[in-house]
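Chains as they are written, first to last, in our numbering: chain A, 1 to 287; chain B, 288 to 482. We treat Cβ as the ideally placed atom computed from N, Cα and C, and that holds for glycine. Let me begin by presenting the structure, written as structure tokens, before commenting on it.
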Amino acid sequence: MNDDDTNPLAGLDLDAWAAPPPPGGLADRVVARVAAIDEAIAVVTRRRRVKRRWWLAGGLVAVVAAATVAFVVGPRGSPATGGSGSGTRVAEHDRTGEVGPETATIPAPAGTVRVQPGLPAKTIERAMQALELELQGCAAGHKAKETIEFTVEPDGSIHGITTTLTGTPATCLERLLASQKLPRAKGPTRATYALEPRPVKCDAEKLVAAGTAEEARGNHTLALGQYDAALRCRFDNHVLQLSFMAACNSASAKRAQKYWKRMPDDMRTHMLQICLHNHITREDLDE
Amino acid sequence: MHALATPAPATELDELTLRRAQHGDERAWRDLIAIYQDRVHALIWRVLAGRAQHRAPDLTQETFVRVLRALPKFEPQGSAKPSTWILTIATRVALNELRRPDTSELAADAPAATERADATIERRRMGAAIAAAMATLDDEQRSVLVLREYHDLDYAEIAAALDLELGTVKSRLSRARAALRAQLVTALPELGDRA
Numbered sequence: 001m002n003d004d005d006t007n008p009l010a011g012l013d014l015d016a017w018a019a020p021p022p023p024g025g026l027a028d029r030v031v032a033r034v035a036a037i038d039e040a041i042a043v044v045t046r047r048r049r050v051k052r053r054w055w056l057a058g059g060l061v062a063v064v065a066a067a068t069v070a071f072v073v074g075p076r077g078s079p080a081t082g083g084s085g086s087g088t089r090v091a092e093h094d095r096t097g098e099v100g101p102e103t104a105t106i107p108a109p110a111g112t113v114r115v116q117p118g119l120p121a122k123t124i125e126r127a128m129q130a131l132e133l134e135l136q137g138c139a140a141g142h143k144a145k146e147t148i149e150f151t152v153e154p155d156g157s158i159h160g161i162t163t164t165l166t167g168t169p170a171t172c173l174e175r176l177l178a179s180q181k182l183p184r185a186k187g188p189t190r191a192t193y194a195l196e197p198r199p200v201k202c203d204a205e206k207l208v209a210a211g212t213a214e215e216a217r218g219n220h221t222l223a224l225g226q227y228d229a230a231l232r233c234r235f236d237n238h239v240l241q242l243s244f245m246a247a248c249n250s251a252s253a254k255r256a257q258k259y260w261k262r263m264p265d266d267m268r269t270h271m272l273q274i275c276l277h278n279h280i281t282r283e284d285l286d287e
Numbered sequence: 288m289h290a291l292a293t294p295a296p297a298t299e300l301d302e303l304t305l306r307r308a309q310h311g312d313e314r315a316w317r318d319l320i321a322i323y324q325d326r327v328h329a330l331i332w333r334v335l336a337g338r339a340q341h342r343a344p345d346l347t348q349e350t351f352v353r354v355l356r357a358l359p360k361f362e363p364q365g366s367a368k369p370s371t372w373i374l375t376i377a378t379r380v381a382l383n384e385l386r387r388p389d390t391s392e393l394a395a396d397a398p399a400a401t402e403r404a405d406a407t408i409e410r411r412r413m414g415a416a417i418a419a420a421m422a423t424l425d426d427e428q429r430s431v432l433v434l435r436e437y438h439d440l441d442y443a444e445i446a447a448a449l450d451l452e453l454g455t456v457k458s459r460l461s462r463a464r465a466a467l468r469a470q471l472v473t474a475l476p477e478l479g480d481r482a
């Protein structure tokens, strides 16, 4: 297999170039770091589960309260008085005049953007087109058209995000939009985007497994590609963490920043160390 | 098989300990680190030859963190031995470090003197000459050479470790050996006389 017969180094004492021994206490430090990473991931997962339980409990209480109010108030609570069911919120915005007569309608690949004058409609259209895969990843598997409303502030930041989605998909989508920066404009712009259902043709679990295999080989850039595809396929907080770790390990501050901006604060606290260890600072991430 | 350099001890973690480590047994993790740490540190230190060698301890730690996190996915019945798999990760960690802008711009350090107390003057000169010559090779050539000459990986294992074609490994190794030989003969002319 190895044709070393003509090796020009044959007979040379290559061991004369001796490596120093590894530092003492290596195992302790490695075990501590692995435990810290596992704990960070576990803490975030636990918190999400607890939050989810509160959501369920809160939802149940809200349903009971709404049923009670409906029973007591009766037919007076009609939609014409401006009730605020989440499914009709978007239409009401239109009726209140926030989207005026000069509203533009822009066809998008999987939806429609309507904007007020302010930031050019094309600019928002392009931004939403660029985000389409990530948006679909947030809303993975949604069966009906979902609506997203947001305001682009004059400095290009996005605020006032409302959506017909709920739970994790809504949180994912809000964080995704809030992490974006559009061009500056003279005034705020209110936009509505309709997210059409899309058949899911990808397998997020397979992509994550492929990413983990690349990570195991120390190939962080390839791993990051797989994790990123998994996030676009179906958003998951754990995959967001894996993507962040791979971006830090591949010393890509820009990519790490992208995931950092989508992380909740509690997750950030635990994940920061990984980037710091790879010489990517908090300032780089917040930039 | 040639007898250029004494290959690193061929010890592998026993299968039972490996299985325990895969299931997160901390004692098994420590056994794994104890068995492979010398080889991993030496590999990283040599691949970083002349540049950022002070980072070798940190990168050794980083390698084992990655190894332990990826360990559940390692297939003991697969084609790679644990040592080859771990050295592959270590090589990539070291090469990633060399690709970092702040590291890749570093000029080659003066070769680090790492002689042992019992080393003869001749051996020390040889060690310093190899260190200097290694530092002049490009990173890919040096990685192939270190994996072959110091860690005894065969061509197929090196190809898998570095994601290279077998032919590329052979040509790269051949060029690296010739370049190292030429550098050594320039630094130590008596080597040319011996050839």
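As computed with DSSP, tyrosine 227 of chain A is found in no beta bridge at all. Neighbours of valine 380 of chain B in chain A, taken as residues at a C-beta separation under 7 Å, are given in chain order as Gly218.
No Cβ of chain A is located within less than 8 Å of the beta carbon of proline 476 of chain B.
Shown here, valine 200 of chain A sits in coil according to DSSP, grouped into three states, outside any helix or strand. For leucine 195 of chain A, the enclosing beta strand (DSSP E) begins and ends at 189-195.
By the rule that beta-carbons nearer than 8 Å mark a contact, alanine 418 of chain B touches chain A. By alpha-carbon distance to histidine 277 of chain A, the top candidate from B:Tyr323, B:Gln348, B:Arg307 is B:Gln348. With respect to alanine 329 of chain B, tyrosine 437 of chain B sits close: the two C-beta atoms are nearer than 8 Å. Isoleucine 322 of chain B and threonine 350 of chain B do not touch by the CB rule: their CB atoms are close to 14 Å apart, not below 8 Å.
With a beta-carbon spacing of about 3 Å, glutamine 470 of chain B and alanine 420 of chain B fall inside the 8 Å limit used to define contacts. The residue among B:Ala443, B:Val431, B:Arg307 with its C-alpha nearest the C-alpha of leucine 467 of chain B is B:Val431. Straight-line spacing of the CA atoms in proline 183 of chain A and cysteine 248 of chain A works out to 28 Å. The alpha carbon of isoleucine 148 of chain A has as its nearest neighbour, out of A:Val34, A:Gly156, A:Leu131, the alpha carbon of A:Leu131.
Taking a beta-carbon distance threshold of 8 Å, valine 352 of chain B counts as an interface residue toward chain A.
Here the alpha carbons of proline 22 of chain A and valine 30 of chain A stand approximately 13 Å from one another.
Within the DSSP secondary-structure output, lysine 181 of chain A pairs in a beta bridge with A:Ser157. Taking 8 Å as the upper bound for CB-CB distance, methionine 128 of chain A and tyrosine 193 of chain A are in contact here, some 6 Å apart. Between valine 34 of chain A and leucine 355 of chain B the beta-carbon gap is near 5 Å, inside 8 Å, which marks them as a contact.
With 16 or more other CB atoms across the displayed protein chains lying within 10 angstroms of its CB, alanine 253 of chain A is buried. If you look at glutamate 299 of chain B, you'll find it isn't in any beta strand (DSSP E); DSSP assigns it neither H nor E. Proximity to proline 264 of chain A across A:Gly59, A:Gly160, A:Val200, A:His238 peaks at A:His238, based on C-alpha coordinates. Straight through space, the alpha carbons of arginine 268 of chain A and asparagine 7 of chain A are spaced by roughly 52 Å.
One finds Asn383 in chain B with Cβ atoms closer than 8 Å to the Cβ of serine 250 of chain A, taken in chain order. Rounded to the nearest angstrom, the Cβ distance from arginine 333 of chain B to alanine 19 of chain A is 6 Å, consistent with a contact under 8 Å.
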